[in-house]
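Asker: Please see the structure below; I have some questions.
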Amino acid sequence: MQPLIQIFIAPAKKMQALDDSPAPAALPRFNEEAKALARALSKLSLAELMQLYKCSASIAAQNFERLQHFKADNLALLTPALFAYQGIQYQYMSAKVLTSTDYAYLQQHLFILSGLYGLLRPLDGVSPYRLEMQAKFAFEGAKDLYAFWQDKVRKALCQLQQETGRELVLLDLTSAEYSRVLPSDFTTIKVRFCVGSKGKLLERGTLCKMARGAMVQYLARSQAESLEVLPGFAGLDFQYSPEHSSAELYTFIQQPQRAKAD
């Protein structure tokens, strides 16, 4: 039986509650854990939030208010994760122009890793928050969020594998910060997006975010059920480079005309 591709992406710091998005499909798998984390965070002072988030006073104040009025159980008050996150990666997914068929594919194949929610499907209902996975926050006996989430994520993937009867292949489109959450005992394919510079391949942060979003859209539009479609990605003038790739690493290099224009 063909393996089941599970795509993983990182969240975004910038979030928004939207009234014009589709209705959420479900509550997050780890909704109770998210509520407990939000309660613990809501007890922190503004100064403590600034230190935890490494942010300005205004951002800390905004998230202090969010925590005091954290919404978790009423789907009517929540926004699907795919629409709530407002970062560059999500802009390049162009969620608002995806079809119902695309959404159905992503709901089955895409996971968003989150410091607050752990694992999210794209149409899970969320409330705006700020909590990076690398934040130094000890919780319920775990020294940090990695320790809190890693085993939970692994068990969830094992359960999915058991329920579907199919081996999972993890397609890692996350940043290094979130890649650490993925279990090492699953087949994992990493993807990198590079530009050539003086004979070297470089990964540029903003461009990588753009390309990851465009690739998620490509996979949804392709209804990809195998890795065979992956080399066909050509968004933002990227091209698959077999000579810089391996069975567990797919490398895409932006072609000179685009790289020069940027």
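Numbering (the UniProt record's numbering), first residue to last: 1 to 262.
Ideal Cβ positions, reconstructed from N, Cα and C, are used throughout, including at glycine.
Is it buried or exposed for Met-133, if we count other Cβ within 10 angstroms and need 16 for buried?
Answerer: buried
Asker: Below 8 Å, can you find three or more Cβ-Cβ pairs linking the segment 121 to 129 to the segment 9 to 18?
Answerer: Contact between the segment 121 to 129 and the segment 9 to 18 is present: 3 or more CB-CB pairs across the two stretches fall below 8 Å.
Asker: In the DSSP assignment, what residue or residues form a beta bridge with Ala-142?
Answerer: Phe-139
Asker: Helix, strand or coil: which one does DSSP assign to Ala-47?
Answerer: In this structure, Ala-47 counts as helix in the three-state DSSP scheme.
Asker: Short of 7 Å in beta carbon distance, which residues of its chain neighbour Lys-260, apart from the five on each side in sequence? Order them along the chain.
Answerer: Any reading at Lys-260 needs caution, since the residue's pLDDT is 49, under 50, leaving its predicted position unreliable; the model's value is listed next. So no residue of the chain qualifies.
Asker: Look at the alpha carbon of Asp-142 and the alpha carbon of Gln-150, and state the distance between them as a whole number of angstroms.
Answerer: Sequence check: residue 142 is Ala here, not Asp. Cα to Cα, Ala-142 sits roughly 11 Å from Gln-150.
Asker: How far does the alpha helix (DSSP H) with Arg-204 in it extend, from its first residue to its last?
Answerer: From DSSP, Arg-204 is part of no alpha helix (DSSP H); its letter is neither H nor E.
Asker: Decide yes or no for the touch test of the segment 182 to 192 against the segment 159 to 169: beta carbon pairs closer than 8 Å, at least 3 of them.
Answerer: yes
Asker: For the beta strand (DSSP E) that Arg-192 lies in, which residues bound it at each end?
Answerer: 187 to 197 is the span of the beta strand (DSSP E), which, as asked, contains Arg-192.
Asker: If we define contact as Cβ-Cβ less than 7 Å, is Pro-128 a contact residue for chain C?
Answerer: The question asks about chain C, but that chain is absent: this structure has only one protein chain.
Asker: In whole angstroms, what is the alpha-carbon distance linking Ser-245 and Thr-251?
Answerer: 5 Å
Asker: When you compare the segment 206 to 216 with the segment 225 to 236, are there three or more beta-carbon pairs, one atom per stretch, that lie closer than 8 Å?
Answerer: yes
Asker: My output table needs one value for Lys-260: the three-state DSSP class, helix, strand or coil.
Answerer: Here Lys-260 scores only 49 on pLDDT, less than 50, and its place in the model should not be relied on; the value that follows carries that caveat. Residue state, collapsed to three classes: helix.
Asker: Could you check where the beta strand (DSSP E) with Phe-30 kicks off and where it finishes?
Answerer: Phe-30 -> no beta strand (DSSP E), and no H or E assigned at all.
Asker: With distances taken between CB atoms, is the gap from Pro-122 to Leu-106 smaller than 7 Å?
Answerer: Yes; because the gap between Cβ atoms is below 7 Å, this pair is in contact.
Asker: So which of Leu-249, Arg-221, Ala-135 has the shortest CA-CA distance to Glu-48?
Answerer: Ala-135
Asker: Out of Ala-25, Ala-60, Asn-31, which one is the CA nearest neighbour of Ser-45?
Answerer: Ala-60
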